[in-house]
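Line order of the protein sequences matches chains A and B. For the first sequence, our numbering begins at 1 and goes up steadily by one. For the second sequence, our numbering begins at 1001 and goes up steadily by one. These notes concern the structure reproduced below.
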Amino acid sequence: SQTIHQWPATLVQPVGSPLSLECTVEGTSNPNLYWYRQAAGRGLQLLFYSVGIGQISSEVPQNLSASRPQDRQFILSSKKLLLSDSGFYLCAWSWASGMYNEQFFGPGTRLTVL
Amino acid sequence: KQEVTQIPAALSVPEGENLVLNCSFTDSAIYNLQWFRQDPGKGLTSLLLIQSSQREQTSGRLNASLDKSSGRSTLYIAASQPGDSATYLCAVRRDGTSYGKLTFGQGTILTVHP
């Protein structure tokens, strides 16, 4: 079976500090990977998706970036955090092919920028 | 631009009631629709996925219907239990590509009290 991990679970960072959130998937190969942010009152917003190693597509311009150094590893980064980066960050995966393309979500990382 | 609306925003019911959660979307040209459950501080759990060609899907006490032409979906929960308390989110997929973007509603917060 497939499992998706995220860490850390919670993070408190000062404004202007760097960020690195990690997501890994087990039990599948060549998955599509996604980063979402859930902010209070704004719903879930897709930030990045990746269909393969080194292939990143950005949905929303911001001071965040994503990388996929390995097949089942997806990293969300920032060089300098803003207050507005606070939120709940969710990683998700889906099969690279197939009819339904159901997305499966990880446990999330709660980020608070002070 | 696709917009997804969920009504009601919050719902409180006594245990044992049958209930209906509503989801509407502005662009009927969708590929599929997915219902999720989110417990406080946790990630999303996929409940049901309905393809655009389908009318409904069932899983246990849950039944989801889809009327693509009118831009509506409903999630029916039979014989509600306190353990059903959570936020329920619907999301529509724009197209059939494997990385097709999901657009989420704001969710319905369900409380089932004993």
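All C-beta atoms in this analysis are idealised placements derived from N, C-alpha and C, irrespective of residue type, glycine included. None of these values were measured; they are calculated from a predicted model.
query	result
Within 7 Å of chain B by C-beta, residues of the region 16-44 of chain A in sequence order	N32, G43 and L44
Cβ neighbour criterion (16 or more within 10 Å) applied to C87 (chain A)	Looking at the sequence itself, residue 87 (chain A) is Gly, so the reference to Cys does not match. Flag for G87 (chain A) reads buried.
Contact with chain A by K1001 (chain B), beta-carbon distance below 7 Å	no
Under 7 Å by beta carbon: chain A residues contacting G1043 (chain B)	L90, F105, G106, P107 and G108
Coil, strand or helix - L64 (chain A) by DSSP	strand
Selection from A:P69, A:L33, A:I53 and A:D71 that minimises the alpha carbon distance to L90 (chain A)	A:L33
Which residues DSSP lists as bridging R1093 (chain B), in chain order	B:N1032 and B:L1102
Contact set for K1101 (chain B): own chain, Cβ-Cβ below 6 Å, skip 5 residues either direction	R1094
Separation of L19 (chain A) from L178 (chain A), as counted between CA atoms	Because chain A is modelled from 1 through 114, residue 178 (chain A) falls outside the range shown and cannot be assessed.
The region 1023-1042 of chain B in contact with the region 1078-1091 of chain B per 3-pair CB rule at 8 Å	yes
S1059 (chain B) vs L1048 (chain B) beta-carbon contact at 7 Å	yes
Residues near L1044 (chain B) in its chain [Cβ-Cβ closer than 8 Å; skip 5 each side]	F1036, R1037, Q1038 and L1089
Distance CB(V1020 (chain B))-CB(T1074 (chain B)) smaller than 7 Å	yes
Contact check, A92 (chain A) vs L76 (chain A), beta carbons under 7 Å	no
Three-state class that DSSP yields for L82 (chain A) in the structure shown	coil
Simplified DSSP assignment, three categories, for D1067 (chain B)	strand
CA-to-CA distance, T1108 (chain B) to S1012 (chain B), given in whole angstroms	10 Å
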